[in-house]
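All remarks here apply to the structure that follows.
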Amino acid sequence: MSYTELEHGYQGLRKERPAFYVGDDSGNVRLLNTRGDLSELNDDEICAEEGKQVVVGVCAMARKSQSKPMKEILTRLQEFEYIKMIVFAEEVILQKPVHEWPIVDCLISFHSKGFPLEKAIQYSVLRNPFIINNLHMQFDIQDRRKVYSILESEGIEIPRYAVLDRDSPDPSHHELIESEDHVEVNGIVFNKPFVEKPVSAEDHNIYIYYPTSAGGGSQRLFRKIGSRSSVYSPESRVRKTGSFIYEDFMPTDGTDVKVYTVGPDYAHAEARKSPALDGKVERDSEGKEIRYPVILSNAEKLISRKVCLAFKQTVCGFDLLRANGKSFVCDVNGFSFVKNSNKYYDDCAKILGNMILRELAPTLHIPWSVPFQLDDPPIVPTTFGKMMELRCVVGVIRHGDRTPKQKMKVEVRHPKFFEIFEKYGGRTDGHVKLKRPKQLQEILDIARSLLSEIEQREADPEIEEKQGKLEQLKSVLEMYGHFSGINRKVQMKYQPKGRPRGSSSDDGKGNMPKEPSLVLILKWGGELTPAGRVQAEELGRIFRCMYPGGQGRHASGEYAGTQGLGLLRLHSTFRHDLKIYASDEGRVQMTAAAFAKGLLALEGELTPILVQMVKSANTNGLLDNDCDASKHQNMAKARLHELMQQDRLFTPEDRELINPCNSISITIALDFVKNPVKCCERVQDLIQRLMNIVRTKKDDPKTKDAILYHGETWELMMRRWGKIEKDFCTKNKTFDISKIPDIYDCIKYDLQHNQHTVQFEQAEELYICAKYLADIVIPQEYGLTKIEKLTISQGICTPLLKKIRADLQRNIEESGDESVNRLNPRYSHGVSSPGRHVRTRLYFTSESHIHSLITVLRHGGLLDCIKDEQWRRAMEYVSMVSELNYMSQVVVMLYEDPTKDPCSEERFHVELHFSPGVNCCVQKNLPPGPGFRPHSRNDQSKHFSSDQEEVQTDESTSSTPVQNSPTTEKVNAERKFQDNSGTSEFKGKLIISEPIPIRPLTKLIHETDPRLRMVDEQNQNISVSAQESRSPCKSEQRARSYDQKRANEKSECNTG
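Per the numbering used here, residue 27 is the first one in the sequence shown, and the count goes up by one each step.
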């Protein structure tokens, strides 16, 4: 069987529309082609269709079998060529004897109110069909006592409980002593709050009793009625009739988790507002209860597996409580479906269909072969064509599009600032960061107090000098009217001898002794924009394509034409171990949450995703910078500043000093700038012209009320550019080169988002000038020489590099432990191996870590450019990349060939993928990657051309023009890695490959739909193994054309 067949899972999908077979009064079979129109059966059995098929019967009450989720799943099951679905009519179930029920090969039957479970058991004994959900165990599920007993026997965590069985003849089973704030049940004490549940699972009247210290009374839960699921009652006494389970109340922060299994290796989870919270059901605009997708931990997935197997229910729902750092099962519901999720419907149908055919096809002599299963090893094609098992994916990703970052520094000596500094531990570390609302409020109160003193002429002269800065401090902290999110922060650094001053403000007092002071640094802006959220979510969606099944395209449903369903299914099983880390900047954390939303097809707001999925990388030092690195960086900035102050054309000596590593992008920038002072003067002039336009628009009655992107006003824009204009040109008429990144940041933002409002005709010229200056300054601030670059980069990203190495090393060490007992993948169908999984670690960070990581890979001696041609081409491409823009990323992928000896160099394969991120709307003629991809060793060309046709079809039906994003370098290179023991090594492949194209959106959509704000930027997304779907011949042709182009350029240079 080819990989294409394995990947798509469905074996021979039917060409015609889904159909259901139901019986009429004469006993004949009639065909219903309308999706979801499940008419009821009559008395006679259904006649068999020509050809061999597995007949699957659904035996349940009509309100269950006719429900939307059941219809969705049955429709998908019918797409299996060898499966025929029939639905038992409710009249048949209730009134006909079991020997008159339709004969089926497989039975899906489950209990609900009024269902004759005994008759269903009699039918199963008579016909002996393959049973999906064990029928006898459904009796146990109806008794909460038996449910808890089974859970206990399986070692599953449950709340501490006791049973008050008033039906038992043994008095010791119903001893109850009630006090004001506790009850004692059979000698076990439960302090309030505690929960009282009827022993019958069909009785949903559950009470929670509160202590008198909290006001007493009880919350009474019941089945949802309209928008209510519980009510508060002042009654504090427990019920005196009936049998109950009493258990500890588990604090869950107001949410319950509903888990839905389909077989032991698949679990879908959703969180909802706890009915015990306020009793009001949260509903969306369509009246559906609001639920948030939840990511289960590995321990919770193991619980799901245990529940499914213990109760012998393939399709099973249960309730999970997350409290006190643990997960507790508090109820098992039996057969349950997710209400609104096309992905779940697809997964459920696929798993059930394959399970049924795997069991029955051999006995019925149906020519059906086993497709790719969820519990099989995650086999994917590598970029050089070989099929290998994906073991680890490590990604380092920059945040998405943001508002311009802004900063203000002021030296302060007032005792009130020193009090705050000492209060938050500044004496110990020499600096403090203040981000919390309470802390920022304290700084705001001080600023207001000092400004009040100035107004009343009671302030010191030194405070009066700082009036402008204090007013700006107050204004920024008062923005938005409240402190929310992570969009402002204050840093204070201790200066024992005062703040060092530049020559422009020394005033001849530089030699005078100075008192200790604090440098207060206020930072604001830098918030993730709506465009940034869309970029991150879209990249997450495309990121799935590197995982097993990621290159498939599906015929129908919500995910039609969407790649990457393999990752979603992989994540719902034991097979995916995902952890997402982010630095503590708000834009980085929200980027991580938006990426996770796209990666895992989550729904809803980013906040719950952020809270549950994104871990802070700063708590364990992953994104900490070395102090020595900052010192070296400041030295490099000072030298660069000096070199860029020459009012002359760059000489060859200047070029050598500024660009000693001969970076192609910097050389191009130097050619454009020519004279740095003249270029800076032109930038300053254009900034002043822009400010004149903004000033005019601000005062013009026709435009003064216009709102700029992300809610910015003309006044705020004036302040932003006014500060840049003031800071860029110093008092002694020199230019502060360190402000060039800020200028580029601002003009890129305004050209991207505000140009249609500002209408500055020379905006593009300002952008281009600032861009070329930034192409020199930004990379060289991380060091000019190779040694400086490595020193600074190691100081910045060494903790992250160690973590990445540990992530990869852990997989290598695991492989040695499992190599002896691991089953051959060819014979492991149907055998679960929870220990084998894909480990994904994603690190979201800022530009500095991406720069540093690229520097280490480029200059760290990974490979020799002279000896390795492909690595040389890769490094040449990286040298041509002028900017590591938003969403730039470096991804390392580790593969394993389990058929090779663990100590062999062929056992492991490593790929390195790189993308410089999004493209600004102005950028043209970006450097193309050389491209290299040999033909697949598995002769997949037929599959490739098929997928290529599908891509073209998708693009041709789009109403907007489609442009392929610029390509990135792809290279095959080898490197040896040694494990900690030093006794074994493996040779890997380092690949930087071509990005997946993403459709840009038109300006019209940008202006009308706020969700599609990425209109002006086209995401240059991570290239993945999914690129196998492109024509290999086309890739080779592009590679040749690139080499020819470079050869021609060199030839022209030599001729010149």
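Even for Gly, the Cβ is constructed at its ideal location relative to N, Cα and C.
Rounded C-alpha distance that separates residue i from residue j
i	j	result
Asn688	Asn911	21 Å
Arg1025	Ser475	Caution applies to Arg1025, whose pLDDT of 30 falls short of 50 and renders its modelled position unreliable; the model cannot decide the point.
Asp673	Gly748	25 Å
Val257	Ser226	21 Å
Glu206	Tyr235	11 Å
Gln1096	Gly524	Since the displayed the chain opens at 27 and closes at 1082, residue 1096 lies outside it and no answer follows.
Pro542	His440	11 Å
Val907	Ile694	11 Å
Pro95	Val364	7 Å
Val864	Gln915	20 Å
Glu1083	Pro805	Residue coverage of the chain in this structure runs from 27 to 1082, which leaves residue 1083 outside it and unanswerable.
Ile766	Ile750	9 Å
Val904	Ile876	13 Å
Gly421	Pro942	13 Å
Leu202	Thr267	12 Å
Arg298	Lys641	22 Å
Glu230	Asp927	According to the sequence as given, residue 230 is His; it is not Glu. Each residue's Cα considered, the two are about 58 Å apart.
Asn380	Cys132	13 Å
Pick from the options that is closest to residue i, judged by C-alpha positions
i	options	result
Gln168	His137, Asp603, Gln561	His137
Val917	Ala88, Phe940, Tyr735	Phe940
His391	Thr824, Val864, Lys78	Lys78
Lys218	Glu201, Pro195, Gly243, Asp229	Gly243
Arg417	Ile635, Cys929, Met919	Met919
Ile134	Lys90, Leu648, Glu105	Lys90
Cys461	Ala473, Ile547, Lys223	According to the sequence as given, residue 461 is Lys; it is not Cys. Comparing Cα-Cα distances from Lys461 to each of Ala473, Ile547, Lys223, the minimum goes to Ile547.
Ala627	Ser253, Glu105, Pro319	Pro319
Thr677	Val173, Pro702, Tyr775	Pro702
Glu873	Ser819, Pro825, Met505	Ser819
Under 9 Å between C-beta atoms of residue i and residue j
i	j	result
Asp344	Asp357	With the sequence shown as reference, residue 344 is identified as Phe, and Asp is not the correct amino acid for it. Result yes, Cβ atoms of Phe344 and Asp357 sit closer than 9 Å.
Gly83	Val124	no
Ile446	Met518	yes
Glu87	Glu117	Note on identity: in this sequence residue 87 is Met, with Glu being the wrong assignment. Not a contact, by the Cβ cut-off of 9 Å.
Lys500	Leu544	no
Leu386	Phe156	yes
Lys515	Lys442	no
Met414	Asp923	yes
Tyr286	Val355	no
His779	Tyr735	yes
Leu810	Ile684	yes
Pro209	Val264	Reading off the sequence, residue 209 comes out as Val, not Pro. Contact flag set, yes.
Leu383	Ile99	no
Glu180	Lys284	no
Met670	Phe754	no
Glu593	Ala619	Sequence check: residue 593 is Leu here, not Glu. Going by C-beta atoms, Leu593 is not nearer than 9 Å to Ala619.
Phe270	Pro197	no
Val948	Ile794	yes
Ser609	Phe870	yes
Gly821	Ala655	yes
Thr617	Ile423	yes
Phe621	Ala557	no
Runs of alpha helix (DSSP H) lying entirely within the stretch 665 to 734, each at least 4 residues, in chain order: For the stretch 665 to 734, whole alpha helix (DSSP H) runs of length 4 or above, ordered along the chain, are 678 to 684, 690 to 699, 702 to 725.
Cβ contact check for the stretch 172 to 186 and the stretch 272 to 279: 3 or more pairs under 8 Å: Contact holds between the stretch 172 to 186 and the stretch 272 to 279, because three or more Cβ pairs, one in each stretch, are under 8 Å apart.
Contact the stretch 143 to 152 vs the stretch 226 to 243: 3+ CB pairs below 8 Å: Result no; under three Cβ-Cβ pairs closer than 8 Å.
Cβ contact check for the stretch 884 to 904 and the stretch 808 to 819: 3 or more pairs under 8 Å: Contact holds between the stretch 884 to 904 and the stretch 808 to 819, because three or more Cβ pairs, one in each stretch, are under 8 Å apart.
Start-end ranges of the beta strand (DSSP E) lying completely within the stretch 409 to 446, minimum 3 residues: Along the stretch 409 to 446, the beta strand (DSSP E) occurs as fully enclosed runs of 3 or more residues at 413 to 424, 431 to 438, listed in sequence order.
Completely contained alpha helix (DSSP H) runs for the stretch 134 to 214, where each covers 4 or more residues: Under the rule that a run must span 4 or more residues, the alpha helix (DSSP H) segments found entirely inside the stretch 134 to 214 read 143 to 153, 163 to 167, 170 to 179.
Cβ contact check for the stretch 924 to 936 and the stretch 886 to 901: 3 or more pairs under 8 Å: The stretch 924 to 936, when compared against the stretch 886 to 901, does not touch it at the 8 Å Cβ threshold.
Length at least 4, wholly inside the stretch 776 to 807: the alpha helix (DSSP H) runs in chain order: If only uninterrupted alpha helix (DSSP H) runs of at least 4 residues are considered, those enclosed by the stretch 776 to 807 are 781 to 784, 789 to 806.
Entirely enclosed beta strand (DSSP E) segments - the stretch 880 to 911, minimum 3 residues: Qualifying beta strand (DSSP E) stretches: none in this window.
Three or more C-beta pairs below 8 Å linking the stretch 722 to 731 and the stretch 793 to 802: Too few Cβ pairs lie closer than 8 Å, so no.
The stretch 550 to 567 / the stretch 424 to 432 touching (three or more Cβ pairs under 8 Å): Output reads yes: the stretch 424 to 432 touches the stretch 550 to 567.
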